[in-house]
Structures are given as structure tokens and as C-alpha cells.
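Take 1 as the starting number for the sequence shown in UniProt numbering and just add one per residue. Notes follow once the structure below has been shown.
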Amino acid sequence: MDPTASQQDRFQTLTIMSEDAEAWAKHTADFRDETVAIIKQNVEADVTKFRQLTQAMMLIVPERWWKEMKKKLGDRELTAYSKQASLSPSVNSAKRTPAKSTTSHVPTSHPATSSRSTKTYRVTRSSTQEKKQKFQEKIILTKDRYLGHDVYAYSKIPVIASLRDTFKEDMKKAVPEGSLKATLHVLARKKDGSLYKAWIGPECTLSLADRMAAVATLPPGDQIEVINIFEKDPHDGKDYVIAHKGWCDVCDKKYAEQAKSGISVDRRIACSGPVRGNNKTAFGCVQCRDSGATCEHTTSHRAAKKKYHDLLKNAHKKRRLGKGKESKMQHFVNDWIMVEDDFEESESSIVEESDDEDVEITYESESFKKHAGPPRNERSKEAGSSRLAVPQIKTKEEVFGDSLTKLLEKIEQLRKDFRRICDANPQINMGDMANRIIIIEQQVKDSLQDLFA
Numbered sequence: 001m002d003p004t005a006s007q008q009d010r011f012q013t014l015t016i017m018s019e020d021a022e023a024w025a026k027h028t029a030d031f032r033d034e035t036v037a038i039i040k041q042n043v044e045a046d047v048t049k050f051r052q053l054t055q056a057m058m059l060i061v062p063e064r065w066w067k068e069m070k071k072k073l074g075d076r077e078l079t080a081y082s083k084q085a086s087l088s089p090s091v092n093s094a095k096r097t098p099a100k101s102t103t104s105h106v107p108t109s110h111p112a113t114s115s116r117s118t119k120t121y122r123v124t125r126s127s128t129q130e131k132k133q134k135f136q137e138k139i140i141l142t143k144d145r146y147l148g149h150d151v152y153a154y155s156k157i158p159v160i161a162s163l164r165d166t167f168k169e170d171m172k173k174a175v176p177e178g179s180l181k182a183t184l185h186v187l188a189r190k191k192d193g194s195l196y197k198a199w200i201g202p203e204c205t206l207s208l209a210d211r212m213a214a215v216a217t218l219p220p221g222d223q224i225e226v227i228n229i230f231e232k233d234p235h236d237g238k239d240y241v242i243a244h245k246g247w248c249d250v251c252d253k254k255y256a257e258q259a260k261s262g263i264s265v266d267r268r269i270a271c272s273g274p275v276r277g278n279n280k281t282a283f284g285c286v287q288c289r290d291s292g293a294t295c296e297h298t299t300s301h302r303a304a305k306k307k308y309h310d311l312l313k314n315a316h317k318k319r320r321l322g323k324g325k326e327s328k329m330q331h332f333v334n335d336w337i338m339v340e341d342d343f344e345e346s347e348s349s350i351v352e353e354s355d356d357e358d359v360e361i362t363y364e365s366e367s368f369k370k371h372a373g374p375p376r377n378e379r380s381k382e383a384g385s386s387r388l389a390v391p392q393i394k395t396k397e398e399v400f401g402d403s404l405t406k407l408l409e410k411i412e413q414l415r416k417d418f419r420r421i422c423d424a425n426p427q428i429n430m431g432d433m434a435n436r437i438i439i440i441e442q443q444v445k446d447s448l449q450d451l452f453a
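Take a look at the structure:
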């Protein structure tokens with residue numbers, strides 16, 4: 001950490017660093033006392049910064065201290081609220097003005113006009129309350145943090161934008177009906193009980209390669225970030241692009257452009273995350289499909305599906321040649337265990353299954369670990385089980401595709417690192433550099449799409 005940086009800058013840097021468990025553990029092992037001192041100085045100087053503390057930061061400061069700061073913040077907010085209430089004209093007029101004077105200003109010659117105005121106000125207020133209630137019913141509030149910012153909520157429906165007035169009729173026509181009626185399907189699980197879910201349309205069928213590619217490359221359907229459209233976005237006014245959890249790059253960039261141009265929060269774009277409405281459409285966000293843009297969810301899934309399709313095909317051939325009888329295969333993507341699907345398998349599925357002995361096949365390609373997490377621990381072999389190696393014979397297209405995919409991963413990591421630097425240094429305008437990274441990344445994605453089209 002730069003010793004010449006201001007206390008405020010160092011506090012912001014610590015906040016971002018605490019999101020990376022490995023970097024945080026290494027830093028606090030060497031500079032624990034200094035880190036605690038910086039946290040205390042900043043929060044004590046401005047108690048509102050208590051809200052920025054991450055779970056990792058809370059663990060290294062004294063419990064008695066952070067409880068005291070939490071109480072201090074609560075007292076301050078209560079005082080501010082009481083002061084605002086005491087200065088409210090509506091409250092004062094209700095206390096000081098006799099009942100007769102509340103209507104004395106209404107012209108008696110226009111009673112109908114006065115009546116209409118009152119009714120209009122009540123309808124507007126009721127309409128806003130209904131919208132808020134409907135919005136709250138379709139989201140799940142959370143305390144999660146993602147890339148240095150608080151996540152407000154996750155969506156409980158496949159297309160959260162469908163709740164808005166700006167969800168135009170022409171957009172409804174562009175969006176497959178199956179996308180709006182999609183439900184969450186469990187595609188994989190972990191030994192700790194975690195489940196990977198994806199939004200799938202009611203008449204959509206997925207091959208095993210489809211499902212494995214989704215688990216390897218796409219964000220979970222139940223973790224698509226939702227922005228509070230009834231309050232001001234705290235990131236408004238920033239020169240850099242905020243990465244929202246589960247959103248594609250196109251929607252993130254569009255949201256930043258709309259925020260900069262002054263469009264209200266409730267009228268800005270809201271990414272649906274990856275949704276597959278029917279067999280004629282690919283995984284992708286509804287907004288990109290509507291605008292005709294190339295969605296990163298579509299590109300990533302398409303490249304991964306081709307790879308897993310070939311791996312499954314080769315593994316199936318080797319299994320048939322190497323064993324005298326068919327055996328049931330259990331498939332893994334990193335530490336995710338693929339589960340039996342509850343929708344019909346498409347005809348393009350490669351692997352046939354029977355009820356004989358289990359064979360575990362693990363796919364741990366480094367190219368597809370963006371959302372899948374760290375590699376799973378080596379599993380002990382049980383009686384009657386064996387591990388079958390996957391053939392590594394690759395075509396020229398696959399080799400080129402692997403190179404592009406690895407390059408894309410490096411660019412994506414560069415973009416994330418660059419955003420962290422921007423978060424830590426908001427006073428520096430790095431917009432041109434950010435745009436260059438986005439352009440290069442899009443060019444690589446387009447090359448991947450052309451390769452596997």
C-alpha cells in the first residue's frame with residue numbers, strides 16, 4: 001500500500017482489497033495493526049463510513065469498537081430524522097394551524113377543481129405505493145458485496161425489467177414468450193449443498209453439453225443484481241463503469257451512459273442475466289436480444305458448449321471401446337456435480353446412460369472457471385468406481401479457440417483489476433483507457449463467435 005496516499009484513499013483501497021480473500025490474508029498478516037488503525041481513524045472521523053466495512057474488515061477490528069460505532073451511526077441517523085421531521089411544513093401546520101384554516105385557502109368558487117386535484121394526488125400516491133409493493137415482492141434483499149459495492153437485491157423473476165413502465169410493447173414482442181415464463185432449474189450441486197440454478201423456458205430442452213457449459217461460464221440465475229429504482233444510485237456521477245453482479249458488459253456500459261446523461265434510475269436499463277426461453281434462442285440477456293447487441297453470456301456459453309460437446313463425444317467413444325458394458329457416468333464441472341435434469345434431454349445429447357456402475361468424469365478446463373469457483377478437491381475412489389481420462393485430441397479450430405478463450409480471460413481479469421484501480425482513485429479520469437479495454441474484449445468475443453458459429 002502506498003505510504004504517501006491519504007488516509008481516505010488508503011481506507012478505500014483496504015475496502016476493495018478485503019473482497020479478495022487471498023490478498024487480504026497476506027496483507028493483514030504483515031500489516032494488521034496498521035490496517036486496524038486506518039479503519040478506526042476513518043470511521044471515527046466519519047461514522048457514515050461504517051456502512052462501507054466489509055465482513056473481512058469487521059473480523060480484524062475489536063468487537064466492542066465496531067458495536068460502539070454502529071450505535072453512534074444509529075444515533076446520528078435518528079437525530080437527523082428527528083430534526084427533519086421537526087422542520088417539515090406538513091408536520092408544523094398540522095400542530096399549529098386550526099382545522100378550519102387548513103381549507104380556508106381553497107377557492108369556494110371552484111369546488112370541482114379542488115376535488116379533482118385531491119383525487120389526482122391520491123391516485124398518484126396509491127400508484128407509487130403499488131409499484132413499490134409489486135417491486136418488493138419480486139426481489140430478494142441481500143447484504144452481499146460485489147467488486148467493492150453493496151448489492152441491493154436479487155431478482156425472483158427472469159426479466160426484472162418487465163415490472164417497469166418502460167418495458168415497451170415492441171420489446172415484449174422481441175422477447176420470446178418462454179423467457180418471460182422461464183423458471184429456475186437446478187443444473188448442478190456441490191457437496192456443501194449449494195445449488196446452481198438457471199432460467200429455462202417451459203418448452204426448452206437442454207443437452208448435457210448445454211448444461212455443463214452454463215455451469216462453467218454463466219452467473220447463477222438466482223444471483224442477478226437488482227438496483228433499487230426508488231432511490232438515487234450512490235454511484236451516479238462516477239466516470240467509470242460499475243460492474244453489476246450477473247450483468248453482461250453491454251448492459252453495464254449502457255447503464256453507465258444513461259446515468260451520465262441524467263436518465264432517472266427507474267428508466268435505465270436492467271440486465272436480466274442469462275435466460276434461455278426456447279430451443280430457437282441461445283442463453284443471453286433479454287436487453288441484448290432486443291437491441292441486437294452481442295451478449296457476452298451468449299458468446300461465452302456458445303464457446304464452452306462446443307468444447308464440452310467434443311469432450312463428451314470423445315469420452316463416450318473411449319468408454320465404449322474400453323469397457324465391455326455400458327455404465328452410468330457422473331459428470332463434474334470443477335467442484336459442481338451435474339444433477340439429473342427435470343426437463344427432457346434434447347436429441348443432440350451425446351452421452352447415453354444406463355443403470356449400471358458409476359463412472360466419474362471430471363472436466364476442469366482452466367478456460368471456463370469464471371463463475372464455477374476453485375477446482376474441487378480430489379475425490380477418493382469408492383468401490384466399483386473408476387476415473388476415466390478425457391482424450392486431449394484437438395482440432396486446429398479448438399486449439400485456436402482455446403487461445404482466444406485464454407486471452408479473453410486475461411482481458412476480463414485486466415478489466416476487473418482496472419475497475420478496482422478506478423474505484424480506489426475516483427479523482428483520476430481513466431475513461432479512455434476503459435473504453436480501449438472494452439473494445440479489445442469485444443473484438444476477441446466476436447472472433448470466438450465467428451469461430452464457433
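No residue lacks a Cβ here, since even glycine has one placed at the ideal position from N, Cα and C.
- The alpha-carbon separation between residue 237 and residue 314 amounts to approximately 52 Å.
- For residue 29, the enclosing alpha helix (DSSP H) covers residues 21-45.
- With respect to residue 204, residue 289 sits apart: the two C-beta atoms are not nearer than 8 Å.
- Annotated as proximal: residue 153 and residue 226, with beta-carbon spacing under 8 Å.
- Rounded to the nearest whole angstrom, the CA to CA distance from residue 210 to residue 37 is 50 Å.
- Under the three-state reduction of DSSP, residue 308 is assigned to helix.
- Taking all protein chains shown into account, residue 150 has fewer than 16 neighbouring C-beta atoms within 10 Å of its C-beta and is therefore exposed.
- Per DSSP, residue 242 lies in no alpha helix (DSSP H) and is assigned neither H nor E.
- In this structure, the CA atom of residue 337 is about 5 Å from the CA atom of residue 188.
- Spatial neighbours of residue 23 in its own chain (CB-CB distance under 8 Å, excluding positions within 5 residues in sequence) are listed in chain order as 17.
- Between residue 218 and the set 135, 272, 420, 41, the nearest pair of CA atoms involves 272.
- DSSP places residue 282 outside both helix and strand once states are collapsed to three, so it counts as coil.
- Residue 185 sits in a strand when the DSSP states are folded into three classes.
- Annotation: the continuous alpha helix (DSSP H) that includes residue 255 extends over 249-260.
- Per DSSP, reduced to three states, the secondary structure at residue 230 is coil, with no helix or strand assignment.
- In its chain, beyond the 5 residues on either side, 50 have a beta carbon closer than 7 Å to the beta carbon of residue 70.
- Per DSSP, reduced to three states, the secondary structure at residue 303 is helical.
- Around the beta carbon of residue 186, fewer than 16 other beta carbons lie within 10 angstroms, which makes this residue exposed.
- Secondary-structure assignment with DSSP links residue 198 through a beta bridge to 185.
- Bounds of any beta strand (DSSP E) do not take in residue 224, whose DSSP letter is neither H nor E.
- Between the alpha carbons of residue 304 and residue 334 lies a gap of roughly 14 Å.
- Between the C-alpha atoms of residue 199 and residue 7 there is a straight-line separation of about 44 Å.
- Using a Cβ distance threshold of 8 Å, residue 148 and residue 415 do not count as a contacting pair.
- DSSP places residue 157 in no beta strand (DSSP E); its state is neither H nor E.
- A Cβ-Cβ distance of about 6 Å is found for the pair residue 214 and residue 301, placing them in contact under the 8 Å criterion.
- Assignment of residue 333 by DSSP, reduced to helix, strand and coil, places it in the strand class.
- Of the residues 73, 269, 11, the one whose Cα lies closest to the Cα of residue 258 is 269.
- Residue burial is scored here from C-beta neighbours: residue 234 has fewer than 16 other C-beta atoms within 10 angstroms and is therefore classed as exposed.
- When DSSP states are grouped into helix, strand and coil, residue 141 belongs to the strand group.
- A distance below 6 Å between beta-carbons, with the five flanking residues on each side excluded, links residue 181 to the following residues of its chain, in chain order: 202.
- DSSP lists 188 as the beta-bridge partner residues of residue 338.
- Note that the C-beta distance between residue 155 and residue 224 is below 8 Å.
- Inter-residue distance for residue 283 and residue 221 is about 11 Å (C-alpha atoms, whole angstroms).
- Judged by DSSP in its simplified three-state form, residue 61 adopts coil rather than helix or strand.
- Per DSSP, the unbroken alpha helix (DSSP H) holding residue 16 starts and ends at 7-17.
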